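Take any residue in the sequence shown, note its place counting from 1, add 868, and you have its number in our numbering. Ideal placement from N, C-alpha and C gives every residue a C-beta, glycine not left out. Small disclaimer: the values here were computed from a predicted structure and weren't measured. Quick notes on the structure that follows.
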Amino acid sequence: MGYFSGWVLSYRHRFNPVTGDPAYDEIEALLALKPAKHEPSIVPEGEENGVDSPMPVDLDRPHFVGKYEKILVSNAGHHLPQEVPKPYADAVMRLLP
């Protein structure tokens, strides 16, 4: 499967009832349990994300037990590394010791 077809399948699988690749069924079942994440995490989110719009309530927070921060990035949509590389890189750098 090429990059583009894999990308399209990913979105169709997440947002529509499209069957995923059976090779990943076991790991998908484990992820569906939503295990707690202990790793330090920063979640940058574009204010103008038209794919997965920012929510007024942070529904992700309960799944993180380690350091966690969610930041809203202005003038950004869905693909932050490409749209706003500097704020994205700054967020990643804050995770370093």
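Extent of the continuous alpha helix (DSSP H) run through residue i
i, result
"residue 956", "953-961"
Bounding residues of the beta strand (DSSP E) (the contiguous stretch that carries residue i)
i, result
"residue 894", "It is not in any beta strand (DSSP E) - residue 894 instead sits in the alpha helix (DSSP H) that spans 893-900."
6 Å CB neighbourhood of residue i in its chain, flanking five on each side removed
i, result
"residue 886", "880"
DSSP-derived helix/strand/coil call for residue i
i, result
"residue 870", "coil"
"residue 909", "strand"
Anticipated Cβ contact below 8 Å, residue i with residue j, distance rounded
i, j, result
"residue 945", "residue 951", "6 Å"
"residue 905", "residue 933", "7 Å"
Exposure of residue i, with buried meaning 16 or more beta-carbon neighbours within 10 Å
i, result
"residue 941", "buried"
"residue 914", "buried"
Cut-off 7 Å between Cβ atoms - residues of its own chain near residue i, not counting five sequence neighbours on either side
i, result
"residue 949", "956"
"residue 931", "902, 904 and 905"
Cβ shell of residue i (< 8 Å), same chain only, five flanking positions each side left out
i, result
"residue 888", "877, 881 and 896"
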